[in-house]
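Using the numbering used here, the first residue of the sequence shown is number 107, and each one after it goes up by one.
Take a look at the structure below.
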Amino acid sequence: MMDWTDRHCRYFHRLLAPHARLYTEMVTAPAVLHGDRARLLGFDASEHPVALQLGGSVPAELAEAARIGQDHGYDEINLNVGCPSDRVQSGRFGACLMREPALVADCYAAMQAAVRVPVTIKCRIGVDEQDAEEDLRHFVRTVHAAGCTVLVVHARKAWLQGLSPKENRDIPPLDYGRVYRLKREFPQLQIHINGGVSTVADVTAHLAEVDGVMLGRTAYHEPYRLAEIEAALWGTPLPERDAVVAAMQPYVMRYLAAGGRLQHISRHLLGLYQGLPGGRAWRRSLSENAHRTDAGFEVVEAALAARRRGELAHAA
Ligand SMILES: Cc1cc2nc3c(=O)[nH]c(=O)nc-3n(C[C@H](O)[C@H](O)[C@H](O)COP(=O)(O)O)c2cc1C
């Protein structure tokens, strides 16, 4: 998720969910071609399996960016056809491409021809006035004819004319039924559902209908949900939250030693104790102290201690 997730977040999420497939935030193809690749594409080996999400609409650029992504070790390349941001529309990336299935199919074909790893597509169920069920079927049929066999579908349309990017993640209603029907109409495709999924019960209900489930905001705001879902699906024992924090220490120390700032990592940990006694004390202590330029892991330890005090106060 652009401006939210990054490699540090994925490292943390991997500790919580060893079997999840992790996705990068969208990186535009021109950025991959001309930007600082170490910064944009670098990741830790523990993040596997990890998909690189690309944005763009020029087949040759996307193909080259996909090849570079594969060379960096990504396990999957995903094409973003769902992002509604203005920034993205002006460059003809993201959700506006749902209006141009033939162009998306060309992009897909060029990308898949350039790499051995799977290329997948993330899309919406519709965009603006083009949101009839047949429009979505036509889109899927067109990209499937180009070879695409895996789609992640955000189960709400995007209103590009009139709604802000943020509103476009909440206001158009979720329509899971449309995604379920898509799976029934294209049983040969892998259809993964996204949008508003937050609990184990949500995930298991969706998995009765589709092949996979993608979590966005809940994974970020309440990351321990990832561990709960991992436990439910794979039987992995639930980790202690404090043990997950301890497991971050060597990673944090390496990053700090290389000149990084604690805050870049700790901001992803703020929601770890969400809903638990002391969770607010943890969040406050970490956010008030981690921004200091000299902040080290002791700031995390102090936040753990603040959380325990908060928990004791709650129990008293
Ligand atoms: C801050 C933010 C940034 C996002 N950036 C991306 C992105 O880079 N690529 C993408 O496919 N979706 C992006 N999304 C959309 C989410 O991946 C997801 O499709 C959407 O939030 C609905 O799922 P959720 O209800 O589980 O969050 C972003 C969402 C948010 C809130």
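The beta carbon of each residue, even a glycine, is placed where N, CA and C say it ideally should be.
* Asked: Can you tell me where the beta strand (DSSP E) with Leu175 in it begins and where it stops?
  -> Rather than Leu, the amino acid found at residue 175 in this sequence is Gly. In this chain, Gly175 is not harboured by any beta strand (DSSP E); it is covered by the alpha helix (DSSP H) spanning 165-177.
* To do: Take the Cβ of Ser152 as the centre, count every other Cβ of all protein chains shown within 10 Å, and call the residue buried at 16 or more, exposed below.
  => Burial call: exposed.
* Asked: Out of curiosity, what's the CA-to-CA distance linking Glu328 and Thr305?
  -> Looking at the two C-alpha atoms, the distance is approximately 10 Å.
* Asked: How about Glu417 and Gly377: do their beta carbons lie closer than 7 Å?
  -> No, the pair does not count as a contact, with Cβ atoms beyond the cut-off.
* Asked: Among the residues of its own chain, which have a CB less than 8 Å from the CB of Leu128, if the five just before and after it don't count?
  -> Closer than 8 Å at Cβ, skipping near neighbours: Arg116, His119, Arg120, Glu153, Pro155, Val156, Ala157.
* Inter-residue spacing [alpha-carbon to alpha-carbon] between Ala419 and Glu334 -> Looking at the backbone, the Cα of Ala419 and that of Glu334 are separated by about 26 Å.
* Check: Gly416 C-beta below 6 Å from any heavy atom of ligand 1 -> No, the Cβ of Gly416 stays beyond 6 Å of every heavy atom of ligand 1.
* Asked: Hey, which unbroken runs of the alpha helix (DSSP H) at 4 residues or more fall wholly within the stretch 257-345?
  -> Listed in chain order, they are 282-291, 306-313, 323-327, 330-340.
* Asked: Is it true that the CB of Gly200 sits closer than 7 Å to the CB of Cys213?
  -> Between Cys213 and Gly200, the gap from beta carbon to beta carbon reaches 7 Å or more.
* **Met354 beta carbon near ligand 1 (any heavy atom closer than 6 Å)** => Using a cutoff of 6 Å, the CB of Met354 does not count as near ligand 1, since none of the ligand's heavy atoms is closer than that.
* Neighbour-count burial assignment, His424, 16 or more Cβ in a 10 Å radius -> Given that the chain is displayed from residue 107 to residue 422, the structure contains no residue 424 and the question cannot be resolved.
* To do: Check whether the Cβ atoms of Thr324 and Arg331 sit closer than 7 Å, and answer yes or no.
  => If you check the CB distance, Thr324 and Arg331 come in under 7 Å.
* Just grab the DSSP bridge partners of Gly161 for me. => Paired residue(s): Thr134.
* Consider the C-beta atom of Asn274 and the heavy atoms of ligand 1; say whether any pair is separated by less than 6 Å. => No; taking the cut-off as 6 Å, the Cβ of Asn274 has no heavy atom of ligand 1 nearer than that.
* What separation, rounded to the nearest whole angstrom, lies between the Cα atoms of Pro293 and His250? -> So the alpha carbons of these two residues sit roughly 12 Å apart.
* Are Gly248 and Ala216 close, meaning C-beta to C-beta below 7 Å? -> One point to set straight first is that residue 248 is Thr, not Gly, in the sequence displayed. The Cβ-Cβ distance between Thr248 and Ala216 does not fall below 7 Å.
* Closest residue to Ala409 among Arg398, Thr399, Asp400, Arg386 (Cα-Cα distance) -> The candidate whose alpha carbon is nearest that of Ala409 is Arg386.
* Asked: Which residue's Cα is closest to the Cα of Arg390: Gly402, Thr399, Val406, Asp400?
  -> Considering only alpha carbons, the answer is Val406.
* Using the Cα positions of Tyr326 and Thr111, report the straight-line distance between them to the nearest angstrom. => So the alpha carbons of these two residues sit roughly 8 Å apart.
* **Reference Leu122; option with closest CA among Ala422, Ala349, Arg205** => Proximity to Leu122 across Ala422, Ala349, Arg205 peaks at Ala349, based on C-alpha coordinates.
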